[in-house]
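Numbering (my numbering), first residue to last: 54 to 433. The C-beta atom is built at its ideal place from N, Cα and C for all residues, glycine as well. Just so we're clear, the structure is a prediction, and the values are computed from it rather than from any experiment. Read the structure below first, then the notes.
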Amino acid sequence: GPHSHTNYPWGWAQCGNSPFKWYKQNTHEGGVHVPMIVSAPGIAEPGALRDQFVNVSDIVPTIYEMVGATAPEVYKGLEQLPVTGRSFINALADASAATANTVQYFEMAGSRALIAGDQTSLWKAVCKHDKGADYDTEQWELYHLTDDWSECNDLAETHPEKLTELQELWWREADTHGVLPLDDRMVELFGNRFRDHSPHPVDKRYVYRPPMSPMPGQASVSLGGTSFNLVARVTRKVGDQGVLYATGTENSGVSIFVQNNKLVVDYNAFDVHLIVESDVDVPVGPSQLGVHVRRTGGKTGTISLSVDGTANEPAELPLFMTMMSSVGPSVGYDHGSAVSQRYDGPFPFDGKLHDVTVQLLSRDAVEAERAHIASEMSRQ
C-alpha cells in the first residue's frame with residue numbers, strides 16, 4: 054500500500070548479484086562487477102561484445118581520447134588529481150585489442166582486492182574485511198578470473214607465490230593512490246567535516262533560519278546515532294500550530310511540532326512511533342521549545358521536551374535509531390511523506406519561527422551531564 058517501505062533483502066541481493074559473491078560494499082565480484090554499455094560515435098560494430106577488463110576509472114581517459122582533449126593539471130586555480138585510468142578506445146574498435154588496464158586495485162571500508170592481467174589470463178587477489186578485525190591476520194583469496202568469474206575455486210593454497218605477488222602489488226598501488234591508512238568506518242563518516250567550507254560546523258552546532266528549502270541529508274545535521282539538543286525559537290498567536298522541524302519520511306525520522314497548544318515530538322523508529330507531548334502549554338508570544346535526546350546504550354536512549362526551561366521527565370525510546378531515513382530535514386514544515394501520522398503534510402507552522410538550533414553532543418558531554426545530575430541528586 055501507500056505506506057509500505059520496500060527495501061532490498063539479502064536473498065534478493067544474492068539473486069541479483071548471481072553468479073557473483075557478496076554485495077556492493079565488498080570487493081568480491083558481487084560488489085564490483087557490473088555490465089557496461091558504451092554508446093559513442095565511430096563504433097565499428099554496434100551491438101558487439103568485448104571481454105577486456107575495464108574499470109570505472111578508465112572512462113574519463115577514454116572520453117578524453119575520443120574528443121581529443123587533455124586533462125587539465127589546474128582548473129579554476131585548483132591543482133587537479135591525475136587521471137589514473139587507461140583509455141580502452143582500442144578495444145571499442147578491435148575485439149582482439151590488448152587490455153589497457155592490466156593492474157587495478159580495489160578498496161572499500163577495509164575490504165581489498167587487486168585484478169592483474171589481460172583477457173588471456175586475468176588473476177584476482179581479494180580479502181573480505183570484517184569491521185574491527187586485524188588487517189594483518191585476515192584471509193586473502195586467489196582466483197583465476199579468466200575461467201572462474203564467480204570466484205568459486207580459491208587457489209590461494211595451490212598458488213601461494215601468485216597470491217604474494219598480487220598482495221605486494223596491492224600495497225604498492227594503495228600507497229601510490231592514497232588509499233592508506235586503511236579505514237573501515239562507514240556510518241561514522243556521515244556528516245563529518247572534511248573541508249573548511251563544509252556545511253558541518255566544527256562545534257557541531259547547526260543553526261537554521263527559515264524560510265528554507267528542504268536540505269539534502271549529506272549537507273545537513275544528522276540526528277541518527279547521537280545525543281542532541283534541538284531548540285526552536287518561536288513567537289505564537291492563539292491557535293498557531295504546525296511543524297517546526299522534520300527530518301526523514303513516514304518510514305523513519307523525527308518530527309517536532311506544535312499541536313493543540315502542546316509541543317509534540319514523534320520519534321518514528323521505522324514505523325514504531327513514540328509520541329511525547331509537553332506537560333505545559335506552549336505560551337502565546339515568544340518562547341523557546343526544546344527536544345533533548347540522549348543515547349544510553351547501543352540502541353537505547355531517552356527523549357524529553359522543554360518549554361521555556363520547563364522539562365518533561367525523559368521517556369524511554371523503544372528503539373534508538375543509529376541510522377534513519379537519508380531524506381534530509383525541512384524547517385517550518387514537513388516536506389514529502391509526513392514523518393508523523395498526527396498530521397497531514399506539509400503542516401507548516403502558522404506562527405513566527407525565528408530559528409532552529411541543533412547541538413550534537415559528544416559522549417564526554419553526555420557523561421559530564423549525567424555526572425552533574427547525579428551530583429545534584431545526591432545533594433538533595
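Through-space distance from residue j to residue i, alpha-carbon basis
i	j	result
residue 222	residue 270	38 Å
residue 384	residue 343	15 Å
residue 139	residue 358	57 Å
residue 279	residue 328	19 Å
residue 447	residue 397	The structure shown does not extend to residue 447, since the chain is modelled only from 54 through 433, so no value can be given for it.
residue 227	residue 97	37 Å
residue 252	residue 274	9 Å
residue 436	residue 141	The chain is shown from 54 up to 433; residue 436 falls before or after that span and cannot be answered.
residue 47	residue 127	With the chain covering only 54 through 433, there is no way to say anything about residue 47.
residue 481	residue 69	Because the chain is modelled from 54 through 433, residue 481 falls outside the range shown and cannot be assessed.
residue 256	residue 58	35 Å
residue 102	residue 169	21 Å
residue 84	residue 337	56 Å
residue 322	residue 277	10 Å
residue 254	residue 189	36 Å
residue 159	residue 232	9 Å
residue 248	residue 242	13 Å
residue 386	residue 185	41 Å
residue 214	residue 87	29 Å
residue 18	residue 225	The question about residue 18 has no answer here: the residues shown for the chain are numbered 54 through 433.
residue 346	residue 122	54 Å
residue 196	residue 212	10 Å
residue 430	residue 297	Here the model assigns residue 430 a pLDDT of 47, short of 50, so the residue's position is not dependable, and the following value carries that caveat. So the alpha carbons of these two residues sit roughly 33 Å apart.
residue 272	residue 147	45 Å
residue 100	residue 117	23 Å
residue 250	residue 129	17 Å
residue 341	residue 89	55 Å
residue 360	residue 63	45 Å
Beta-carbon spacing of residue i, residue j below 8 Å
i	j	result
residue 288	residue 367	no
residue 50	residue 219	In the structure as shown, the chain starts at 54 and stops at 433, and residue 50 therefore has no counterpart that could be examined.
residue 131	residue 91	no
residue 395	residue 373	no
residue 305	residue 377	yes
residue 291	residue 311	no
residue 412	residue 258	yes
residue 382	residue 295	no
residue 302	residue 389	yes
residue 371	residue 325	yes
residue 32	residue 392	A question about residue 32 goes unanswered here, because the residues of the chain that appear run from 54 up to 433.
residue 207	residue 194	yes
Spatial neighbours of residue i in its chain, beta-carbon cut-off 7 Å, leaving aside the 5 residues before and after
i	result
residue 152	105, 106, 171, 172
residue 365	329, 331, 332, 357, 358
residue 108	138, 154, 157
residue 119	93, 142
residue 369	355
residue 56	303
residue 314	334, 335
residue 110	137, 138
residue 260	408, 410
residue 265	384
Cβ shell of residue i (< 6 Å), same chain only, five flanking positions each side left out
i	result
residue 67	none
residue 293	403, 404
residue 136	113, 114, 124
residue 187	none
residue 65	none
residue 198	175, 177
residue 363	333
residue 451	The requested residue 451 is not part of the displayed model; the chain covers only 54 to 433.
Proximity test, Cβ basis, 8 Å: residue i and chain D
i	result
residue 305	Checking the listed chains, one finds no chain D in this structure; it contains a single protein chain.
8 Å Cβ shell around residue i - same chain, five flanking residues per side excluded
i	result
residue 375	240, 277, 278, 351, 352
residue 133	124, 125, 126, 127
residue 230	137, 158
* Asked: Taking one C-beta from the stretch 402 to 417 and one from the stretch 283 to 297 each time, how about it: are there three or more such pairs within less than 8 Å?
  -> yes
* Is it true that the stretch 175 to 185 meets the stretch 74 to 87, where meeting means three or more beta-carbon pairs spaced less than 8 Å apart? -> yes
* Asked: Using 8 Å as the Cβ pair cut-off and three pairs as the minimum, do the stretch 155 to 170 and the stretch 227 to 240 touch?
  -> yes
* Please confirm if the stretch 189 to 204 is in contact with the stretch 69 to 78, defined as three or more CB-CB distances below 8 Å between the two stretches. => yes
* Asked: For the stretch 174 to 246, which segments carrying the alpha helix (DSSP H) assignment without a break, of at least 4 residues, lie completely within its bounds, in sequence order?
  -> 213 to 229
* Asked: Of all the beta strand (DSSP E) runs that stay within the bounds of the stretch 366 to 393, which reach a length of 3 or more residues?
  -> 382 to 384
* For the stretch 245 to 319, which segments carrying the alpha helix (DSSP H) assignment without a break, of at least 4 residues, lie completely within its bounds, in sequence order? -> none
* 4 or more residues per run - each alpha helix (DSSP H) lying fully within the stretch 65 to 151 -> 82 to 85, 112 to 120, 142 to 146
* To do: Could you tell me which uninterrupted alpha helix (DSSP H) segments, each at least 4 residues in length, are contained entirely in the stretch 319 to 357, listed from first to last along the chain?
  => none
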